Amino acid sequence: MATRENPFRNLPQVQKLLEMPAAASMIARFGHGAVADALRNTLAELREQIGAGLLAAAPDADSVLTRSGEALAQRVRPGLRRTINATGIVLHTNLGRAPLAQEAIAAVAEVSAAYCNLEFDLDGGKRGSRTQTLEPLLEQVTGAEAALAVNNGAAAVLLALSALSRGGEVIVSRGELVEIGGGFRVPDVIRQGGARLVEVGSTNKTRLEDYGEAITAETRVLLKVHQSNFRTIGFTAETGIGELAVLAREHDLLVVADLGSGLLQRTPATAEPTVGEVLAAGADLVTCSGDKLLGGPQAGLILGSKAAVDPLRRHPLLRAVRLDKMSLAALEATLRLHRDQPERIPVLRMLGQSEDELQARAERLQAMIGSGTVEAADAFAGGGSLPEERIASRALALDPPMGVDRAATLLRSGEPAVVGCIRQDRLLLDMLTVADADLPELAEALKAVLA
Ligand SMILES: *Cc1c(COP(=O)(O)O)cnc(C)c1O
């Protein structure tokens, strides 16, 4: 009977592995401790596999190093990764909503790599307010008398209701008691703000009299909520801000409008009312997000009369929902672009593309990969704005030999990840949300799954 050599004994030692020339570059990249850890883990796994009879012989030192290098690469791979959005949904909440303008990215880098005057008044040499430069800019681009910025749109609504209606009643149309997504439900937010919800009207129709009849001595706010990702169509009626404002004045109440997407200026592709229009129609306070149609970072904006905004400034919740310096820098840069060069804001640029441009991009991609058909497609603004409004776009439709589901999975796991849509067993890559600069990487990824 031949005695077999003990395979465990042939496993290289950690110290020996660390001294190999091939380990030097790994140590330079990942650090000595992490490499040593990875080698120990790899060796432990190998021992287990040998013990279970899954491996007959110990692998050589080079393979142990290679295996550890792969584990280390996986360990430093960021969880949050760049993704090419080929869904045609511009403000895709799952894909991070608005990509930032170059100017906004530069502003973030500038203030976050060093100290900045976040809460310091450089002119006076004393403590300043964190939104000192942002507020005048917000007022300038929206025409609002006063402005405030917080961490996100939901926080803006919560702060507004907490400060203006706590202990009182908030009147809302039954057609506007919506869930925006991610569990943000208007009735819950009102409750959380410490107010009582008074529902008026019906799901499809709410008239001015409905609001009028519900007003009591406890009423504080008439709230209008943008329906966001759904629409009531057909036999419908809603009461406009203008009429509500007249009613509110008569009873000394405030009109708060949660606009959601926050359009600052009209573009041909966006039929939403702008923040300025809603304020001009008589809203005392408007809230919206910074990363929807505004095209900036995650933020919540609050705009309105001084009388309506001031109580929010003094509310303790403000500190809990304040913006960080990176978002502030990005928001400020984005607002400057709105004022001076809106065409530089990626979201607005994407929404303003012509069909010819989209056709040309789809054909370029088709030529790069030598496959697929260019087709008309419906794209959307997303982010709860204009849910029904289709944007005429172009897509490259592919029929991957491995099957669409497998191809979509592979594309999602790539670097960068690619997300398209599956329609009728084909993979569609919508060109509205793909930048020209993304095409070479997108083509590489597609060629790999088509091969
Ligand atoms: C998106 C949206 C919100 C929430 O804003 P976030 O910035 O996502 O927190 C609130 N209200 C409406 C109407 C919205 O569309």
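Residue numbers (the numbering used here): 1 to 451. In this text, a Cβ means the ideal position worked out from N, Cα and C, and glycines have one as well. Predicted, not measured: the structure shown is a model, and the values here were computed from it.
Residue i burial status per 10 Å Cβ neighbour count (16 or more: buried)
i      : result
Ser228 : buried
Val246 : exposed
Thr3   : Legend: pLDDT at Thr3 = 48, less than 50; position of this residue unreliable, value from coordinates given subsequently. So Thr3 ends up on the exposed side.
Met1   : Interpretation of Met1 is limited by its pLDDT of 42, a score under 50 that renders its predicted location unreliable; no figure is taken from the coordinates.
Leu43  : buried
Pro273 : buried
Pro401 : exposed
Val186 : buried
Asp284 : buried
Ile422 : exposed
Leu11  : buried
Val449 : buried
Ile369 : buried
Glu332 : buried
Gly201 : buried
Tyr115 : exposed
His251 : exposed
Ser25  : exposed
Gly420 : buried
Thr236 : exposed
Ile233 : exposed
Pro21  : exposed
Asn85  : buried
Thr216 : exposed
Gly242 : exposed
Gln13  : exposed
Gln74  : exposed
Boundaries of the beta strand (DSSP E) in which residue i is found, first to last residue
i      : result
Thr287 : Leu285 to Ser289
Val278 : Where Val278 is concerned, there is no enclosing beta strand (DSSP E), although the alpha helix (DSSP H) it sits in stretches over Val275 to Ala281.
Leu428 : Arg426 to Asp430
Leu91  : Ile89 to Leu91
Ala147 : Ala146 to Val150
Ile84  : Thr83 to Asn85
Gly69  : Where Gly69 is concerned, there is no enclosing beta strand (DSSP E), although the alpha helix (DSSP H) it sits in stretches over Ala61 to Val76.
Gly300 : Gly300 to Gly304
Spatially closest choice to residue i from the options, by CA coordinates
i      : options                           : result
Lys306 : Pro136, Leu122, Gly124 and Glu110 : Pro136
Arg40  : Ser68, Arg29 and Leu55            : Ser68
Asn151 : Gly290, Leu396 and Pro311         : Gly290
Gly384 : Met26, Ile89 and Val35            : Ile89
Ser261 : Thr287, Thr232, Gly234 and Lys292 : Lys292
Gly168 : Arg196, Lys325, Leu80 and Ile190  : Arg196
Leu328 : Pro12, Val111, Phe380 and Asp121  : Val111
Leu72  : Ala113, Val404 and His32          : His32
Arg77  : Gly414, Leu428 and Glu444         : Gly414
Pro416 : Asp399, Ala437 and Gln265         : Ala437
Gly183 : Ser173, Glu199, Ala154 and Arg166 : Ala154
Asp62  : Lys16, Asp121 and Ala86           : Lys16
Glu375 : Asp310, Leu432, Glu238 and Thr334 : Leu432
Val286 : Ser371, Leu159, Arg266 and Gln132 : Leu159
Ile105 : Arg364, Arg344 and Gly125         : Arg344
Leu148 : Ala408, Asp430, Ala443 and Gly304 : Gly304
Contact test: residue i Cβ vs ligand 1 heavy atom, cutoff 7 Å
i      : result
Lys306 : no
Gly382 : no
Asn85  : no
Gln292 : The identity of residue 292 in the sequence shown is Lys, whereas the question assumes Gln. Result yes, Cβ under 7 Å from ligand 1.
Gly295 : no
His92  : no
Val157 : yes
Phe184 : yes
Val225 : yes
Asp399 : no
Ile180 : yes
Gly260 : yes
Ser173 : no
Ser228 : yes
Ala435 : no
Ser289 : yes
Ala154 : yes
Gly193 : no
Gly167 : no
Gly300 : yes
Start and end residues, alpha helix (DSSP H) containing residue i
i      : result
Val404 : Val404 to Arg412
Glu169 : Unbroken run through Glu169 is the beta strand (DSSP E), Glu169 to Ser173; no alpha helix (DSSP H).
Ala38  : His32 to Gly51
Val178 : That residue, Val178, is in no alpha helix (DSSP H); it is neither H nor E in DSSP.
Ser162 : Gly153 to Ser165
Ala443 : Leu439 to Leu450
Notebook entry, point to check: Along the chain, which unbroken stretches of the beta strand (DSSP E) at least 3 residues long are found entirely within the stretch 191-269?
Noted result: 196-200, 219-225 and 254-260
Next item on the list: Go through the stretch 316-388 residue by residue and report every complete run of the beta strand (DSSP E) that reaches 3 residues or more, in order.
Entry: 373-382
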